[in-house]
Each structure stands twice: as C-alpha cells, then as structure tokens.
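Peer 1:
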Amino acid sequence: MAYPQAPWALKGYAFLTLHLIDLAKASSFIPAELAIVPSIYGKTLGGIYLSQYTHGSDLIYSELIVVAGLIRRNGVVGSWISHIYVDNPDAMAGGRDLWGLPKQMAEFHWESGEMGQVTVRQEGQILCSLRSSGRLSLVRQRFSFPSFSLHDRTFLQFSSTAQANLAILRAKLDVPDTSPFGALIRSTPLLVMGADSLDLRVDTPIVIGSRVVGTV
Numbered sequence: 012m013a014y015p016q017a018p019w020a021l022k023g024y025a026f027l028t029l030h031l032i033d034l035a036k037a038s039s040f041i042p043a044e045l046a047i048v049p050s051i052y053g054k055t056l057g058g059i060y061l062s063q064y065t066h067g068s069d070l071i072y073s074e075l076i077v078v079a080g081l082i083r084r085n086g087v088v089g090s091w092i093s094h095i096y097v098d099n100p101d102a103m104a105g106g107r108d109l110w111g112l113p114k115q116m117a118e119f120h121w122e123s124g125e126m127g128q129v130t131v132r133q134e135g136q137i138l139c140s141l142r143s144s145g146r147l148s149l150v151r152q153r154f155s156f157p158s159f160s161l162h163d164r165t166f167l168q169f170s171s172t173a174q175a176n177l178a179i180l181r182a183k184l185d186v187p188d189t190s191p192f193g194a195l196i197r198s199t200p201l202l203v204m205g206a207d208s209l210d211l212r213v214d215t216p217i218v219i220g221s222r223v224v225g226t227v
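Heads up: the sequence shown is residues 12 to 227, going by the numbering used here.
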C-alpha cells in the first residue's frame, strides 16, 4: 500500500463525544497489563471521534475512532483505541503498520457539511450515526493528547497535536446494540464537541514495552 511515513498531517473537521464507561466493560477491550484510569462511580472516560480529512492532508479519508478508556503507562495518561474504521485502504494499512492500530474498512456518509450528520456502516451494518442541530462556538485552541497501541506484542505510545475552531454541539449519537462497540458506548454523551478547520499532526510512535508472554 502507498501510505506516507509518520508523522501524518491531516486537515478537515471532526466530531468528538465524551462518555463515562463502566470499568468492567472497558477492561474487556484493554490489555490487562495496562492500568485503567478511573473517573467516578466505577467508570473511566472514553468516547467517539468522527472526522473527515480533506484537501491538504497527507491522505484524504474519513475516520471513526472508539476510545475504550483512559490508561496509564510509565506515568503517562492517554487513550486506548479499541476500534477504528477508515474508508481509504492506504489509511488502513498505514494505521496498522505504523501505529499498530486495528483499522478496518467502513463506509461514511456525510450530510450538510461540517455541522450536519454522519452515518458509518460496515458491510451494510450501521456502526454509529451522529446528527448535530446546534452549536456554541468557542475560540481556536491548540491541544495535544497521547495514545497507546499494541503492534504485535509491542506496546507503542504516540502523540497527536491539533489546532481547531472548537464548538459545543447539541447533537444526538446513535450506536446500535449490534455495533461491535455497542456494549461499550451505551451512555448519553457527557459532551459533544465540533472541531472546524482542524489541523492535526499524528507523530511517530515510540516503543514503551512488550506484552507479557501468555496474555491474549
């Protein structure tokens, strides 16, 4: 596959939902060697990220990321991505080979531009859909966030740095029970954000450890 080497520079827009996820449910999607960071009431923080990367990006594609929870490794707190879908074969191959992310192919249907609706399907099955109907615009912000992944039996850590015009959205998220992450994302979002004029850089990963022999 013809994908660029890391880091990747991506431009476009995105939606982000924030959820409280039961620790017991999150633990079934996160390797046992990683310490899940609790929030309140026996839960951790997770969510969904939906984006469309357009002209000016190293690759043009749409993406759905599911964060099963926050984890801590070597004193660093970051996200654990349990599910991730794209609509570009090169983006899928690059995500797997470079970052060890479990990318799969899916179909994305966007409506009404940046603050409209998106539905994601895989082989005809709806994975999730999001419709926004109002927004409170905020100032442009710069932020970075670490993530962790597993490439074969090697744990990786990588950072993503973004600038975007943020907004708090009034939106409805639907995740069918039949979705692969339907048992994970069941709560109403605590918060839904929009990110316009997104400028994102996903850095080269670093090795932080190996998986314990005998774990699955």
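The beta carbon of each residue, even a glycine, is placed where N, CA and C say it ideally should be.
(1) Mark Ile95 as exposed unless 16 or more other C-beta atoms lie within 10 angstroms of its C-beta, in which case mark it buried.
(2) Straight-line CA distance for Leu27 to Val223?
(3) Taking C-alpha atoms, which residue in Leu138, His162, Phe154, Ala178 lies nearest to Ser144?
(4) Please list, in chain order, all residues of the same chain as Ser148 whose beta carbon is under 6 Å from its beta carbon, the five residues on each side excluded.
(5) Would you list, in sequence order, the uninterrupted alpha helix (DSSP H) runs of no fewer than 4 residues that lie entirely inside the stretch 118–151?
(6) In this structure, does DSSP put Pro187 in helix, strand or coil?
(7) With DSSP as the reference, identify every bridge partner of Ser38, one or two as the case may be.
(8) Going by DSSP, name the residue or residues bridged to Thr65.
(9) Residues in the same chain with beta-carbon distance under 8 Å from Arg84, minus the five sequence neighbours each way, listed in chain order, please.
(10) Over what stretch of residues does the alpha helix (DSSP H) that includes Leu202 continue unbroken?
(11) Kindly indicate which residue of Phe40, Trp91, Gln115, Gly80 has the alpha-carbon position closest to the one of Ser73.
(12) Put Asp163 into one of helix, strand or coil per three-state DSSP.
(13) Is the separation between the beta-carbon of Ser68 and that of Lys22 shorter than 8 Å?
(14) Given a cut-off of 8 Å, decide if His162 and Gly205 are closer than it, judged by their beta-carbon atoms.
(15) Could you please give the first and the last residue of the uninterrupted alpha helix (DSSP H) stretch that includes Gly106?
(16) In whole angstroms, what separates the C-alpha of Leu209 from that of Leu34?
(17) Have a look at the DSSP bridge pairing and note the partners of Arg222.
(18) What three-state label does DSSP hand Phe192 in the structure shown?
(19) Looking only at DSSP bridge pairs, what is Glu74 linked to?
(20) Distance, Cα to Cα, Ser50 vs Leu31?
(21) I'd like to know whether the C-beta atoms of Ile137 and Pro187 end up nearer to each other than 8 Å.
(22) Considering only the beta carbon of each residue, do Arg212 and Pro18 sit closer than 8 Å?
Peer 2: Here's the rundown:
(1) With 16 or more other Cβ atoms within 10 Å, it is buried.
(2) Pairing Leu27 with Val223, the inter-Cα distance amounts to about 33 Å.
(3) Measuring from the Cα of Ser144, the nearest candidate turns out to be Ala178.
(4) Correct list, in chain order: Ala178.
(5) The qualifying runs do not exist here; there are none.
(6) Pro187: coil per DSSP, three-state reduction.
(7) By DSSP's assignment, Ser38 forms no beta bridge with any residue.
(8) Beta-bridge pairing links Thr65 to no other residue.
(9) If we look at Arg84 and ignore the five residues flanking it on each side, its Cβ neighbours are Leu45, Ala46, Phe159, Phe166, Gln168, Ile219, Gly220.
(10) Taken as a continuous stretch (DSSP letters only), Leu202 belongs to no alpha helix (DSSP H), being part of the beta strand (DSSP E) at 202–213.
(11) With distances taken between Cα atoms, Ser73 lies closest to Gln115.
(12) Judged by DSSP in its simplified three-state form, Asp163 adopts coil rather than helix or strand.
(13) In this structure, Lys22 lies closer than 8 Å to Ser68 by Cβ.
(14) Against a cut-off of 8 Å, the Cβ pair of His162 and Gly205 comes out as no contact.
(15) From DSSP, the alpha helix (DSSP H) with Gly106 extends over 100–110.
(16) C-alpha separation (whole angstroms): 31 Å.
(17) DSSP output for Arg222 lists no bridge partner at all.
(18) Taken through DSSP and simplified to helix, strand or coil, Phe192 comes out as coil.
(19) Under DSSP, the beta-bridge partners assigned to Glu74 are Ser62, Val97.
(20) Cα-Cα distance, rounded: 8 Å.
(21) Yes, Cβ-Cβ distance for Ile137 and Pro187 is below 8 Å.
(22) Pro18 is positioned such that its CB atom lies closer than 8 Å to that of Arg212.
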